[in-house]
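Written out below as C-alpha cells is the structure these notes cover.
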Amino acid sequence: MLRLLLIFVAVVLLSLGAAWFAENPGHVVIDWQGYRIDTYVAVAGLLAIAIVVVVAMLYLVWRWFRTRPGSFLARRSEKRRRKGFSAFTTGLVAIAAGDAEGARRSAVATEKMLADEPLALLLAAQAAELNNDDRAAKVYYEKMLDNPETEFLGVRGLFGLARRKGDQDEAVKLVRRAYRLQPNTPWVLKSLFRVQTVSGDWAAAEETLARAERAKLVTSEEASRRNAVLLLCQAEKAETDGDRKHAVKLAGSAHKLAPSLVPATVLLARLHKASGKERKAASLLAEAWTAAPHPAYAEAFMALYPAASAEERLKQLQSGLTAGNPDHAESRLAIAEAAIAAGDWTAARAALEALDEEQSDSRFHRLMASLDERQNGDAEAAREWLAKGAEVAVEPSWVCGNCDRHSGEWRPVCPSCGAFDSFHWQDREPVTAELLPAGGEDRAALPYSG
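So in full-length UniProt numbering, the last spot in the sequence shown is 450, and the numbers never skip.
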C-alpha cells in the first residue's frame, strides 16, 4: 500500500513538473570554449537525466566486472573444497575398513581437490601404507615435515616406517625429534623409553619414566617397579666399573622399591658379601626367601660360604635360609641338593619324597636321579628319573611374557622383542605370551605396561 502511494506521489510530481515546464518553456544558453548551446529548459533537463542514467549504467557494468568473476571463482573454490573434504572423509572410512583401493582413490581425489591442505598429505600417506607402498608413504611424510602444523605427524609416520624396516638408528633420531616437538605426548614417551632401554641408556630412561609418571601415563606402583629395574641396571654397571659403594646404594634403592625383584636382591647380597658383610647378606636373602622362595636366593646364599664344608653349608641353609619357609617346594629342593652334596642321603630323600612328583618340575627328577645313582649306584633308576624329567612340560627358566622367549638368566630387556622388564620366573605353571596390541607396539616395552 505504501509503495503504491509513493508511486502515485512520484507520478503526480512528474506531471506537475512537466506541466510547469510546458507553461514556462524558457531557454538555456551554454557558451564554453567557443561553443554555444541554446535550447529549452525541458530539453536540457531531459539531457541531464539521460547523462545520469548512462553514468549509472556504466557504474553498474564496472562493478559487475569487478565483483562478479571473483564471486564466481570463490563459489567454484568452495565447491572444490566441499568435494575434497567429502573425498577425505570417504578415504578415512576406507582406511578404517581396510579398503586399500578405495583409500587410494579417495587420496587421489583429495589431493586433486585439496592440494594445499595438510590433510591431503596425511590421507595419501595412510593410503600408501595400506597399499604396502612404503616408498610413497615416506615421500608424503617427508613433505609434511616442511609444514610446522604437520611436522609432528610426519615424524610419527616416518618413525613407524623406520620401526617396520628395523632401522633402529633412524627410529632413534625420529623419536628424539618428536620428543623435542611434543615431549608430553604418550606415544613419544613410550617410544623414547623403549629406545633408551634397548640401547642401555638407563639414566635417560629413568628421566623419561619420571616424566611419564608426572603426566599421569603411569601409576606410582608401576613407576616404582620400572624404576627399580632401571636402578638395578645402573647398579650392575657401577659394579662392573668398580664403583662398589655407588653400586650398593643403587641396588639398595632398587630392592627397597621392589623387594620382589629377585636380581636386585641377589646383587645387593653379593655386594654386601664383597664388602665383608656376610651376615647382612644372609639376613637379606633369608627375608626374601620367607616372602617368596627362589632358587637364585639359595644359590646366592650358598655362595656366602665358599670355604665351608658341604655339611656346614647344609646346616647353614637349613637354619639360615629355609627355616623361614620350610614347607615350600623350593625349600625342599634346595635342602635336597645341599644334602646330596653333603652325602646326607636320608635328609635328601626325605626332602624329595615330601614333594608331589606330578606337580614338580624337572629339577625334582634330576635330583632323584642323582640321589639313586650316588646313594645306591643304581644307574638304571637314574636313567628312568631323567627320562621322566625330559617328559615334564615345564623347565624352570625366565620367560618373556611378551614373546615367550626362555632364558637361563633374568634380563632387563628381552633380546628378541625388546620388551622391558618382561621376564618372569616360570617353574611349574606355563606363562602365556601376550599378544601384541594393534599397531605393533609391544605392551611390555612401554614405560607403563603391566
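Idealized CB from N, CA, C, for every residue including glycine.
Residue i to residue j span [Cα, whole Å]
i	j	result
residue 157	residue 420	24 Å
residue 401	residue 418	12 Å
residue 433	residue 403	In this predicted model, residue 433 has a pLDDT of only 36, less than 50, meaning its place in the structure is not dependable; the value taken from the coordinates is given anyway. Cα to Cα, the separation comes out at about 6 Å.
residue 56	residue 7	21 Å
residue 138	residue 125	7 Å
residue 258	residue 289	14 Å
residue 196	residue 360	39 Å
residue 236	residue 355	36 Å
residue 3	residue 34	48 Å
residue 176	residue 297	40 Å
residue 63	residue 53	15 Å
residue 303	residue 310	12 Å
residue 39	residue 47	11 Å
residue 151	residue 96	23 Å
residue 448	residue 239	Any reading at residue 448 must be qualified, since the residue scores a pLDDT of 30, below 50, and its modelled position is unreliable; the value itself is stated next. If I take the Cα positions, the gap works out to 28 Å.
residue 430	residue 353	Low confidence applies here, because residue 430 scores a pLDDT of 45, under 50, leaving its location unreliable; read the following figure in that light. In a straight line, the C-alpha of residue 430 is about 24 Å away from that of residue 353.
residue 277	residue 306	14 Å
residue 265	residue 228	11 Å
residue 204	residue 280	32 Å
residue 107	residue 121	8 Å
residue 159	residue 61	58 Å
residue 444	residue 222	With a pLDDT of only 35 at residue 444, under 50, the local geometry of the prediction cannot be trusted, and no value is derived from it.
residue 192	residue 172	8 Å
residue 256	residue 224	10 Å
residue 427	residue 101	50 Å
residue 381	residue 362	15 Å
Reduced DSSP secondary structure (H/G/I, E/B, other) of residue i
i	result
residue 255	helix
residue 407	strand
residue 305	coil
residue 198	helix
residue 413	strand
residue 39	strand
residue 513	In this structure the chain extends from 1 to 450, so residue 513 is not present and cannot be described.
residue 31	strand
residue 441	Note on residue 441: pLDDT 39, under 50, position unreliable in the model; the coordinate value appears next. Coil at residue 441, not helix or strand.
Residue interval of the beta strand (DSSP E) (run including residue i)
i	result
residue 400	397-400
residue 328	Element bounds for residue 328: n/a, residue is neither H nor E.
residue 425	423-426
8 Å Cβ cutoff met for residue i and residue j
i	j	result
residue 367	residue 337	yes
residue 271	residue 251	yes
residue 263	residue 410	yes
residue 109	residue 127	no
residue 451	residue 147	A query on residue 451 cannot be resolved here, the shown segment of the chain reaching from 1 to 450 and no further.
residue 322	residue 340	no
residue 282	residue 320	yes
residue 208	residue 189	yes
residue 217	residue 186	yes
residue 413	residue 198	yes
residue 174	residue 155	yes
residue 269	residue 300	yes
residue 314	residue 342	yes
residue 351	residue 332	yes
residue 168	residue 202	no
residue 232	residue 267	yes
residue 407	residue 422	no
Any chain D beta carbon closer than 8 Å to residue i
i	result
residue 107	Of the protein chains in this structure there is only one, and it is not chain D.
beta-carbon residue i near the ligand MG non-hydrogen atom, thresh 7 Å
i	result
residue 141	As far as ligands go, the structure on display features none, and thus does not contain the ligand MG.
Residue range of the unbroken alpha helix (DSSP H) whose run includes residue i
i	result
residue 166	Per DSSP, residue 166 belongs to no alpha helix (DSSP H) and is neither H nor E.
residue 229	220-240
residue 134	134-144
residue 120	118-130
residue 392	From DSSP, residue 392 is part of no alpha helix (DSSP H); its letter is neither H nor E.
residue 362	362-371
residue 314	310-320
residue 278	278-291
residue 267	262-274
residue 358	Element bounds for residue 358: n/a, residue is neither H nor E.
Counting Cβ pairs closer than 8 Å, one from the segment 202-217 and one from the segment 243-253, do we hit at least three? no
Would you call the segment 357-367 and the segment 381-390 touching, i.e. three or more CB-CB distances under 8 Å? Verdict: yes, contact present.
Any contact between the segment 322-329 and the segment 340-350? By contact I mean 3 or more CB pairs, one from each, below 8 Å. no
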